[in-house]
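Numbering (full-length UniProt numbering), first residue to last: 1 to 237.
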């Protein structure tokens, strides 16, 4: 079948190739986020094409897109690597998180949206608890709770900023579970602090909710993340 585009002809195969490229892109990115391709891993178009049983063209395009998004970088002699995670990356991400999430918490209390938002957060929180034994799914669910909180700011640009942070944050948190916290104790701590944040919001206890958010959730999170990044980076050196 043929398709017209901008006065020319586009074959159905082109659309299929584009779809294949998107599939390859999604698979590579997921492997980066789950650390199946850990930070610093060298990758080649030939190996990826063989792994996914595709030609090199969709792999090449997918790698270009991931490079533009900052997930892949070119090193010495144009070798391609999964981008590493630095201490600076962790600090910057958590600094932005604290600014946005504390502002969101303030807004919930200032606008007296406690009851409504406590249930919105709880809905996401239930999914978070349900994914307790899958740290990748758990971290995505956790980040969705926080993204729901930030949505109270009703600012599309802020929503986009947080969405951009989400994947980076998930990769960092998976690093914690995979290389530092092989048991589920840390997950239990995260669940408990989130539960207390939601209760604080619902019961209109601002100081309690703020303390849990800043000290038990964000501060402990950045500490664990920094330890995990240091541990991993020393391990691969």
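We put the beta carbon where it would ideally sit given N, CA and C, even for glycine.
Residues bridged to residue 81 [DSSP beta-bridge criterion]: Reading the chain shown from its first residue, position 81 is the one you call residue 81. Its beta-bridge partners are 42 and 73.
Beta-carbon proximity check, residue 302 vs residue 58, cutoff 8 Å: The structure shown does not extend to residue 302, since the chain is modelled only from 1 to 237, so the question has no answer here.
Per-residue DSSP class, three states only, for residue 203: Mapped onto the chain shown, residue 203 falls at position 203. DSSP places residue 203 in coil when its eight states are reduced to three.
8 Å Cβ cutoff met for residue 126 and residue 229: In the chain shown, counting from the first residue as 1, residue 126 sits at position 126. In the chain shown, counting from the first residue as 1, residue 229 sits at position 229. It is not a contact, given that the beta carbons lie outside the stated cut-off.
Between the CA atoms of residue 178 and residue 79 - distance to the nearest angstrom: As a working mapping, residue 79 is identified with position 79 in the chain shown. As a working mapping, residue 178 is identified with position 178 in the chain shown. Distance between the alpha carbons of residue 79 and residue 178 is about 26 Å.
Segment contact, 8 Å Cβ cut-off, at least three pairs: the segment 165-176 with the segment 110-118: no
Nearest residue (CA-CA) to residue 95, options 233, 231, 221 and 235: As a working note, residue 95 is residue 95 in the chain shown. Looking at the Cα atoms, 221 is the closest of the given residues.
Three or more C-beta pairs below 8 Å linking the segment 95-113 and the segment 130-145: At 8 Å Cβ cutoff, the stretches do not touch.
Whether residue 73 touches residue 83 by CB criterion (8 Å): Walking along the chain shown from the start, residue 73 turns up at place 73. Walking along the chain shown from the start, residue 83 turns up at place 83. Contact: yes.
Of the listed residues 100, 43, 207 and 151, nearest to residue 75 (C-alpha basis): For the purposes of this step, residue 75 is taken as residue 75 along the chain shown, with counting starting at 1. The candidate whose alpha carbon is nearest that of residue 75 is 43.
Under the three-state DSSP convention, the category residue 133 falls into: Looking up residue 133 in the chain shown gives position 133. Residue 133 carries a coil assignment under DSSP once its states are collapsed to helix, strand and coil.
Through-space distance from residue 234 to residue 215, alpha-carbon basis: Residue 215 sits at position 215 when you count from the first residue of the chain shown. Residue 234 sits at position 234 when you count from the first residue of the chain shown. Between residue 215 and residue 234, the C-alpha separation is close to 27 Å.
Validate contact between the segment 155-164 and the segment 37-57 using beta carbons, cut 8 Å, 3 pairs: no
Proximity to residue 197 [Cα-Cα], best of 158, 187, 188 and 211: Taking the chain shown and counting its residues from 1, the one referred to as residue 197 is at position 197. Residue 211 is the option with its Cα nearest to residue 197.
Residue 129 burial status per 10 Å Cβ neighbour count (16 or more: buried): On the chain shown, position 129 is the one that residue 129 refers to. Sixteen is the threshold: since fewer than 16 other Cβ atoms of the shown chains lie within 10 Å of the Cβ of residue 129, the residue is exposed.
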